[in-house]
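First residue of the sequence shown: 3, per the working numbering; consecutive thereafter.
Ideal Cβ placement from N, Cα and C applies to all residues, glycine included.
Because the structure is a prediction, the values reported are computed rather than measured.
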Amino acid sequence: ETSSRLLGPALALGFQGLADRMVNDFVRVADRGDV
Numbered sequence: 003e004t005s006s007r008l009l010g011p012a013l014a015l016g017f018q019g020l021a022d023r024m025v026n027d028f029v030r031v032a033d034r035g036d037v
């Protein structure tokens, strides 16, 4: 029970971090003009 209750926020946090990294990578490539 406890592990599943902790897994939700951890998963959401990990997904948020992944999304942020993807956005940062996209912006970096777009700024370089390699799109």
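Helix, strand or coil, according to DSSP, for residue i in the structure here?
i: G35; result: coil
Between the C-alpha atoms of residue i and residue j, what's the straight-line distance to the nearest angstrom?
i: E3; j: F17; result: 22 angstroms
i: P11; j: R30; result: 28 angstroms
Near residue i, what residues of its chain come up, given a Cβ to Cβ distance below 7 angstroms and the 5 sequence neighbours on each side ignored?
i: D33; result: none
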